[in-house]
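Q: Structure provided below as structure tokens; questions to follow.
Protein chains: 2
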Amino acid sequence: MDDRAATDLAMLVLRAATEVVDGIGEGMAARGYDDLRPAHGFAFARIAAADTTVVDLAEHLGTTKQAASQLVAGLVERGYVVREPDPRDARARLLRLTEAGEACTRAAEAAAADVVAGWNEVLPRASLGALHAMLRRVVTPGPLRPAW
Amino acid sequence: MDDRAATDLAMLVLRAATEVVDGIGEGMAARGYDDLRPAHGFAFARIAAADTTVVDLAEHLGTTKQAASQLVAGLVERGYVVREPDPRDARARLLRLTEAGEACTRAAEAAAADVVAGWNEVLPRASLGALHAMLRRVVTPGPLRPAW
DNA sequence: TCGGGATAGTCAATGTGATTGACCATATGG
DNA sequence: CCATATGGTCAATCACATTGACTATCCCGA
């Protein structure tokens, strides 16, 4: 694979990501969530997955803890997240999704699945699985930056 | 492919894009370009490809023409782009890369190729081509949004 | 056990980039 | 030619993230 093709592949990945992000945004809007940006979704995913603090979240999003704190404040204000005391550390506050927050997460997952379903239509059946497998091998676990 | 796997695939695409963006950023910094963000790169790609005006660029980046104008102003200031009169329309100004701008584009392509080269190491040789082919089929041409 | 340094979190001020709104110059179509 | 649409910029504002400062709590060693 020469440089030209390699650059091309990199651009295809970026374009695919743009489609995913835009598609999720549209799907969320269609489901009645029009006040949430991708950064919120990434935060939801992290908060849902494990006991999460503001500092954890900041690292995961690749931002400062102040920015993460502001983000969380907005989510709390809108009723998607609650802050609970950490029984192990009186400084820390554990973040937890409310029922509304979990409903929102499910909506985002459905929207993401819709985007991929669109790909399924233009790709041979087995290929989507192959795509998945390849990306899984290629990609290293790490943060999902909400902004370029 | 069920919803779970579909969501998972979508996330893999986003993570891959994050790697591409971060990788290019690091590669550019290593090559001495530390004042350029991804949005600039997307602008370069567009300006290099065809006769481009500020409004064209705005559509391509998915922003307003004012934002595109500001972006271009910064690039002009730093010597990467020049504005030339459009012989066909006295209102318009065609954007063109300077030699510095083209050198910068080459550096970005090399950095992108480096990222993909890393993938090449963990993937069977033929697979990278297959990945390319799949994404090409899946992806529709469209804007490359610099921000989520 | 107590004192110093590290860590969790917030508040306030600042800065950067994008958007909205207004405006001028030029094109274009009736 | 006049009305309207389009390319572009300037200015004001807004949204978001960052830097800096500060409090409260934890942890570790003397």
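If you're matching them up, the sequences are chains A and B in order.
For the first sequence, the UniProt record's numbering gives the first residue as 1, with consecutive numbering after it.
For the second sequence, the UniProt record's numbering gives the first residue as 1, with consecutive numbering after it.
Beta carbons are placed, not taken as given, at the ideal position from N, Cα and C, and that holds for glycine.
1. Less than 9 Å between the beta carbons of residue 189 of chain B and threonine 98 of chain B, yes or no?
2. Would you say threonine 140 of chain B lies against chain A (beta-carbon separation less than 9 Å)?
3. Roughly how far, in whole angstroms, is the beta-carbon of proline 112 of chain A from the beta-carbon of threonine 53 of chain B, given that I think they are within contact range, below 8 Å?
4. State yes or no: is the beta carbon of threonine 64 of chain B nearer than 9 Å to at least one beta carbon in chain A?
5. Between leucine 14 of chain A and chain B, is any beta-carbon pair separated by less than 9 Å?
6. Would you say glutamate 59 of chain A lies against chain B (beta-carbon separation less than 9 Å)?
7. Leaving out five residues before and five after leucine 131 of chain A in sequence, what residues of the same chain have Cβ atoms less than 7 Å from its Cβ?
8. According to DSSP, is arginine 37 of chain A part of a helix, a strand, or is it coil?
9. Establish whether the CB of proline 87 of chain B and some CB of chain A are separated by less than 9 Å.
10. Hey, histidine 116 of chain B and leucine 12 of chain A are a contact pair by Cβ (cut 8 Å); roughly how many whole angstroms apart?
11. Mind checking the segment 105-128 of chain A against chain B and listing, in chain order, the residues whose C-beta falls within less than 8 Å of any C-beta there?
A: In short, the structure shows the following:
1. Given a span of 1 to 148 for chain B in the structure shown, any question on residue 189 of chain B remains unanswerable.
2. Within the second sequence, residue 140 of chain B is the residue found at index 140, counting from 1. Yes, contact with chain A.
3. Counted from its first residue, the first sequence places residue 112 of chain A at position 112. Counted from its first residue, the second sequence places residue 53 of chain B at position 53. It should be noted that the sequence gives alanine, not proline, for residue 112 of chain A. About 35 Å; that fails the 8 Å criterion.
4. Indexing the second sequence from 1 puts residue 64 of chain B at position 64. Not closer than 9 Å to any Cβ of chain A, the Cβ of threonine 64 of chain B fails to qualify, so no.
5. For this step, residue 14 of chain A is matched to residue 14 along the first sequence. Chain B, which has a Cβ nearer than 9 Å to the Cβ of leucine 14 of chain A, makes this yes.
6. Residue 59 of chain A sits at position 59 when you count from the first residue of the first sequence. For glutamate 59 of chain A, the answer is no, since every Cβ of chain B falls outside 9 Å of its Cβ.
7. By one-based count along the first sequence, residue 131 of chain A stands at place 131. Same-chain partners within the cutoff: there are none.
8. Translated into positions along the first sequence, residue 37 of chain A becomes position 37. Residue state, collapsed to three classes: coil.
9. For this step, residue 87 of chain B is matched to residue 87 along the second sequence. So no, proline 87 of chain B is outside the interface.
10. For the purposes of this step, residue 116 of chain B is taken as the residue at position 116 of the second sequence. For the purposes of this step, residue 12 of chain A is taken as the residue at position 12 of the first sequence. Looking at the sequence provided, one finds valine at residue 116 of chain B rather than histidine. Not confirmed; about 10 Å, so no contact.
11. Glu109, Ala110, Ala112, Ala113, Val115, Val116, Ala117, Trp119, Asn120, Val122, Leu123, Ser127, Leu128
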